[in-house]
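Undergrad: Residue numbering for the sequence shown follows the numbering used here, beginning at -13 and increasing consecutively.
We put the beta carbon where it would ideally sit given N, CA and C, even for glycine.
Here the structure is a predicted model, which means the values were calculated and not measured.
Sharing a structure here in structure tokens format.
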Amino acid sequence: MAGLRNTHEELTSAAIDLFLANGYEETTADEIAEAAGVARRTFFRYFRAKEDAVLPDHEGCLARVRELLERNDSGESPFATLTRASHLVLALYAQDPAKAVRRYELMRRVESLREREIMMTGRYQRVFAEYLYRVDTRIGDSDEDDDRLRHDVTAAAMVAAHNHVLRQWIRDGGGGDVHARLDAALDLVEAAMRGWQGENATDQGELLVVVARPGTPVWRLAQSIQSAAGSS
């Protein structure tokens, strides 16, 4: 497996170097393979086209994100689960900061590559929103219109926070703890979402009653209490 990873990384590095030096349109898959010291057929065993050689492995990451969301039964809040999923995506870039910086420079130059990245951002956002909807549906607490909006806004905010942190980290040269930056950004998003749902304390002495189904997760009880307190 180490040999496969090394070949993949060598092809990716060669592709980025050649695209930056000679131009994206001017560089061929044959030239990338030659620079990496492998045969042309080896290149196409790893990548369908030359643009795939410079993009992160989003398909593999999406599969890992979906697996995380589908098997989560830890009792943590959906936001906490999506925070872990966001860190999975960030790790695609953080595992090789130097390559992330070079890739970003290439994206700035090549519009078609930027468009591919934007398309992938939309796919992550849809996966996040669909997960939130599934959670609400599973516990029987979903208002179709209101919750769809809340899910879409929450997913969009989390993806926007991730992308903001990633861009700033790359512009800073890829130094420092980018995962800590993401945690701080998502804390802001979570606080904003709580405010939207109406997180206010009830007046002293006021009685608040929340009715919940047996087996309702603790995070959902807390959310219901926050919502009820805000509307009281």
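Which of the three DSSP states is assigned to arginine 180 in this structure?
TA: Taking the first residue of the sequence shown as position 1, residue 180 is located at position 194. Of the three classes helix, strand and coil, the one that applies to arginine 180 here is helix, per DSSP.
Undergrad: Out of Asn149, Leu174, Asp3 and Gly9, which has the shortest C-alpha to C-alpha gap to alanine 80?
TA: Translated into the one-based positions of the sequence shown, residue 80 becomes position 94. Selected option, being the one with the closest Cα: Asn149.
Undergrad: For glutamate 91, does the count of other Cβ atoms within 10 angstroms reach 16, so buried, or fall short, so exposed?
TA: Looking up residue 91 in the sequence shown gives position 105. Exposed.
Undergrad: Compare the Cα-Cα distances from glutamine 111 to each of Thr69, Arg95 and Lys85 and report the closest residue.
TA: Translated into positions along the sequence shown, residue 111 becomes position 125. It is Thr69.
Undergrad: Hey, quick one: how far does the alpha helix (DSSP H) through serine 72 stretch, first residue to last?
TA: As a first step, residue 72 must be located in the sequence shown, where it is residue number 86. Taken as a continuous stretch (DSSP letters only), the alpha helix (DSSP H) holding serine 72 covers 64 to 80.
Undergrad: Return the CA-CA distance between arginine 222 and glutamate 176, expressed in angstroms with no decimal places.
TA: The requested residue 222 does not occur in the structure, where the chain is confined to residues -13 to 218.
Undergrad: Using 8 Å for Cβ pairs, my map puts leucine 4 next to alanine 25. What's the rounded Cβ distance?
TA: Here residue 4 corresponds to residue number 18 of the sequence shown, with the count starting at 1. Here residue 25 corresponds to residue number 39 of the sequence shown, with the count starting at 1. No, leucine 4 and alanine 25 are not in contact; Cβ-Cβ is about 17 Å, not under 8 Å.
Undergrad: Apart from the five residues just before and just after alanine 142, which ones in its own chain have a Cβ nearer than 7 Å to its Cβ?
TA: Within the sequence shown, numbered from 1, the residue matching residue 142 stands at position 156. Correct list, in chain order: Gln111.
Undergrad: Does the segment 93 to 103 come close enough to the segment 150 to 159 to have 3 or more Cβ pairs within less than 8 Å?
TA: Because the criterion of three Cβ pairs below 8 Å is not met, the segment 93 to 103 and the segment 150 to 159 do not touch.
Undergrad: Flag this pair as yes or no: are the beta carbons of alanine 39 and threonine -2 separated by less than 7 Å?
TA: Position 53 of the sequence shown, counted from the start, is the residue given in the question as residue 39. Position 12 of the sequence shown, counted from the start, is the residue given in the question as residue -2. For alanine 39 and threonine -2, yes; Cβs fall inside 7 Å.
Undergrad: Applying the 10 Å Cβ sphere with the 16-neighbour rule, what's the burial state of alanine 0?
TA: For the purposes of this step, residue 0 is taken as the residue at position 14 of the sequence shown. Buried, since its Cβ has 16 or more Cβ neighbours within 10 Å.
Undergrad: Secondary structure at glycine 162, three-state DSSP: helix, strand or coil?
TA: Reading the sequence shown from its first residue, position 176 is the one you call residue 162. Coil, per DSSP.
Undergrad: To the nearest angstrom, how far is the alpha carbon of alanine 170 from that of glycine 23?
TA: For this step, residue 170 is matched to residue 184 along the sequence shown. For this step, residue 23 is matched to residue 37 along the sequence shown. For alanine 170 and glycine 23, the distance between alpha carbons rounds to 42 Å.
Undergrad: Using alpha carbons as the reference points, say which of Asp122, Tyr10, Glu12 and Glu17 lies closest to arginine -4.
TA: On the sequence shown, residue -4 is found 10 positions in, with the first residue counted as 1. Strictly speaking, residue -4 in this sequence is glutamate, with arginine absent from that position. Ranking Asp122, Tyr10, Glu12 and Glu17 by Cα distance to glutamate -4 puts Glu17 first.
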